[in-house]
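Notes for the one structure printed next.
Number of protein chains: 2
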Amino acid sequence: MSARVEGFDFDGYLASRRSWVEEALERLCSSRPKRVPSRLWSAMVYSLTAGGKRLRPVLCLMAAEAFGLEGQRVMPLALAFEMIHTASLIHDDLPCMDDDDLRRGKPTNHVVFGEAMALLAGDALLALAFESAIEGLMANHFSGELISLAVMSLAKATGPSGICGGQSMDMGFEDMGQLGPDRRVMEVARSKTGVLIASSLEGGAIMAGADEDALSNVRGYGMALGKAFQVADDILDVTGKVEEIGKSVGKDQAQGKVTFVAVHGLQGAREILEETSGEAKEWAAKLPRPDMFCAMVDKLMRRTS
Amino acid sequence: MSARVEGFDFDGYLASRRSWVEEALERLCSSRPKRVPSRLWSAMVYSLTAGGKRLRPVLCLMAAEAFGLEGQRVMPLALAFEMIHTASLIHDDLPCMDDDDLRRGKPTNHVVFGEAMALLAGDALLALAFESAIEGLMANHFSGELISLAVMSLAKATGPSGICGGQSMDMGFEDMGQLGPDRRVMEVARSKTGVLIASSLEGGAIMAGADEDALSNVRGYGMALGKAFQVADDILDVTGKVEEIGKSVGKDQAQGKVTFVAVHGLQGAREILEETSGEAKEWAAKLPRPDMFCAMVDKLMRRTS
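If you read the protein sequences in the order shown, they are chains A and B. The first sequence maps to residues 160 to 464 in the working numbering. The second sequence maps to residues 160 to 464 in the working numbering.
Below is the structure:
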């Protein structure tokens, strides 16, 4: 069933922007930059082209377009979000972390290239994200001020108050005893998933020249969408099939991770998905093109039904 | 013996700038940023405050000052270079990499915090470098254009054509069969050490508004200085005492790494140190304050005698 909102073919739009991202990734990966050693490059390209929904770069394009910018102009920034996301997956999969050997239906990076190379490939993708975002946005004639703001947001979402902090909590390294399990699982979702998703939308809006009020609404939408996405992911971890979700099923459960399903039960998690999705739609109403942003929420919810 | 060049007390200057850096690092580390989990922050702070020469941030300040800028203004960028350097050391020391348990005279990060946390602390420092550099430079009223250029240089030096690429070669992951050992060791030194040192000088000069010709000379000096530094380091690995160099002696040798000493012998390495130092001084002559930049070369050479 195609999602048509007020005559707008959202599924078609999504497919088109996803193919833009895939094409841009292919262009990037097909020519190894000068001075980059070939095996390291292979390891980076392996994970970057291993598929996935390309959610973050698509959201970056969406936000830029909703605020009136030609989407292709922010592609260097959009790809940077995918690079950061990919780097975090490579490192999360390492034996000393979640020790996963399957990701997006393929052997994980360290299974193919070894632990040390996977570590380096993650580091290299992390740094390349910043390098290529700045270089590409400068080439596309954006002002240094806008570039600085968007790249700072990306860095913040990546670092200790974002993904890295979330992973440290998710691994059980942090003393969160003062928080109940319901607050803990929400805090992990916020920093591990929400912040980067919010930042990808914010980055697109920044480059389109959105003002501070608008950016605040974009972030609100992004944080709610990101949490909803994490709840949906936790539900899929127990209800999905391996060929559908492309990674080991029941893994979170087996590792005793604090997921929404573990804390609230399957039915409880579905209710939280309803709540966070509703919250995201309230924020969407404050954005330009609310139809598009609402359709994205619906799309995400349908994954779990 | 104090190094006085034309009446300029270089040792005093160096000590002063090093203490600036230490003070700024202490300020940074003493207040955990909002939303950063405490154990992750402890792991980051542990390695960031574990001592070291603070060569890269000092070079960043030096270049800024030589080109007429008040040094403290570029401190956020200077600290970013130290964060990147520290992140690379934490990851290099991991068991899957060089498996080192001693660094700067203290147990390495993973020995104290475990492998997974050390991995995360490195990632977090990497991202924090970009975040705090942009945030701090914006707060110091630099233009977005200059910030973008300096941060792009930092990212390039960190990524696959810089440190990460160098480490991949150093680990023996890359097929460098077409290059003789002398070219290989130089290529590793260039990307693993030279590029970040050059970038730290370039970053300071960029923020001071140096023009493209001047930046090219700064990079030339930095690359030569970086190579000389690596040669000196290799020499110290075999001639130094553990209490002097703060890490395991003879480790490179024991691991069969392609060092300047392994390839050229101790005497040969000393000759290459003379050559690269001479090269660095030739570049120094083209910079403002050549006395200061030459004194830095001499300082570095004295480490090995």
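The beta-carbon is built from N, C-alpha and C at its ideal position, and this holds for glycine as well.
Here Ser189(B) is exposed. Its C-beta has fewer than 16 other C-beta atoms within 10 Å. Within the region 214-252 of chain B, the complete alpha helix (DSSP H) segments of 4 residues or longer fall at 214-225 and 234-252, listed in chain order. The DSSP-derived three-state label of Pro319(A) is coil.
If you check each beta-carbon in the region 165-189 of chain A against every beta-carbon of chain B, none falls closer than 9 Å. Taken in chain order, the members of the region 306-331 of chain B whose beta-carbon sits within less than 7 Å of a beta-carbon on chain A are Ile306, Ser307, Val310, Met311, Ala314, Lys315, Thr317, Gly318, Pro319, Ser320, Cys323, Gly324, Gln326, Ser327, Met328 and Met330. Secondary structure remark: continuous alpha helix (DSSP H) runs of at least 4 residues inside the region 179-213 of chain B, in chain order: 197-207.
Distance between Thr208(A) and Pro266(A), taken at the CA atoms: about 13 Å. Within a 10 Å sphere around the beta-carbon of Arg186(A) sit fewer than 16 other beta-carbons, which makes this residue exposed. DSSP places Ala288(A) in the uninterrupted alpha helix (DSSP H) bounded by Glu274 to Ala298. Residue range Glu371 to Thr398 is occupied by the alpha helix (DSSP H) that includes Thr398(A).
Within the same chain, Asp260 come within 8 Å of Val270(A) by CB-CB distance, once the 5 residues on both sides are set aside. Here the C-alpha atom of Asp341(A) lies approximately 6 Å from the C-alpha atom of Val422(A). Any Cβ of chain A closer than 8 Å to the Cβ of Asp259(B) would place that residue at the interface, and such an atom is absent. Counting the other Cβ atoms within 10 Å of the Cβ of Gln326(B) gives 16 or more, which makes it buried. Collapsing the DSSP output to three states places Pro266(B) in a strand. Straight-line spacing of the CA atoms in Gly281(B) and Asp396(B) works out to 24 Å. Look at Leu446(B) here: in three-state DSSP terms it is coil, with no helix or strand label. Per DSSP, Met345(B) is one residue of the alpha helix (DSSP H) stretching across Pro340 to Ala348. Residues are counted here when their Cβ sits less than 7 Å from a Cβ of chain B; for the region 449-461 of chain A the count is zero. Contact between the region 431-445 of chain B and the region 371-385 of chain B is present: 3 or more CB-CB pairs across the two stretches fall below 8 Å. With contact defined as three or more Cβ pairs closer than 8 Å, the region 336-350 of chain B and the region 290-298 of chain B are not in contact.
Nearest CB-CB separation between Lys416(A) and chain B: not below the 8 Å threshold. Beta-carbon to beta-carbon, Ala428(A) and Val456(A) are separated by about 16 Å, too far to satisfy the 8 Å threshold.
Neighbourhood of Ser350(A) in chain B, by CB distance below 8 Å: Arg194, in chain order.
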